[in-house]
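To start, the structure itself, in structure tokens.
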């Protein structure tokens with residue numbers, strides 16, 4: 017219909033977040049309310065804290081802090097939700113290729129010397145859609161790449177099969193920590 021054609025024309029050159037939000041707004045104009053993706057499964061929301069036996073060391077904590085600020089800046093540009101950092105140097109930023117490819121690229125550039133994966137929601141993220149997510153495959157990819165820490169955003173990211181994620185991370189000596197903006201100086 018005409019509304020659909022107008023919507024497509026209006027959003028043809030925008031990013032996925034803008035398209036999803038515009039589509040939700042269009043539906044709401046028609047009386048259809050969209051709920052957050054976590055409405056039926058709130059247990060998928062990542063809780064705050066260090067989930068694993070291994071805690072980030074001092075250098076990794078510095079990388080988490082720096083990577084957090086940089087990931088938020090990249091998120092403002094609507095580029096991606098993940099970056100890989102090691103010793104203060106950004107090794108990879110998520111693009112259209114996705115999180116696993118980003119982790120593998122970063123791991124290759126770290127030459128197996130460990131790296132921190134920071135995966136956050138964008139500052140303007142519509143929490144109804146496309147929340148950053150991680151699961152066992154993320155941990156397996158980190159293990160293959162040599163990454164040692166996964167830093168997630170508590171309350172604004174999803175973690176699938178969390179118990180198995182933690183079991184794998186503990187086996188591979190990977191730290192998983194979920195923080196909020198208030199935790200980052």
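In our numbering, the protein residues as written are 17 to 201. Yeah, the Cβ is synthetic: ideal placement off N, Cα and C, and Gly gets one too.
Within 7 Å of any Cβ in chain C, is that where the Cβ of residue 97 sits?
No chain C is present in this structure, which holds just one protein chain.
Residues of its chain near residue 199, where Cβ-Cβ distance is below 7 Å and the 5 sequence neighbours each way are ignored:
none
Are there 16 or more other CB atoms within 10 angstroms of the CB of residue 202, so buried, or fewer, so exposed?
It is not possible to answer for residue 202, since the shown part of the chain is limited to 17 through 201.
Can you give, in chain order, each stretch of the beta strand (DSSP E) that sits fully within the stretch 143-190 and has at least 3 residues?
165-169
Should residue 182 and residue 67 be called a contact, given that it needs their Cβ atoms to be closer than 7 Å?
yes
Could you tell me if residue 48 is buried or exposed, where buried requires 16 or more neighbouring beta carbons within 10 angstroms of its beta carbon?
exposed
Can you tell which of 197, 114 and 179 has its C-alpha closest to the C-alpha of residue 171?
197
Could you tell me the distance, in whole angstroms, from the CA atom of residue 103 to the CA atom of residue 44?
46 Å
Just to confirm the assignment, what range does the beta strand (DSSP E) spanning residue 135 have?
132-135
Could you pull the start and end residues of the alpha helix (DSSP H) that residue 126 belongs to?
115-126
Can you tell me the Cβ-Cβ gap for residue 167 and residue 83, rounded? I've got them flagged as a contact below 8 Å.
7 Å
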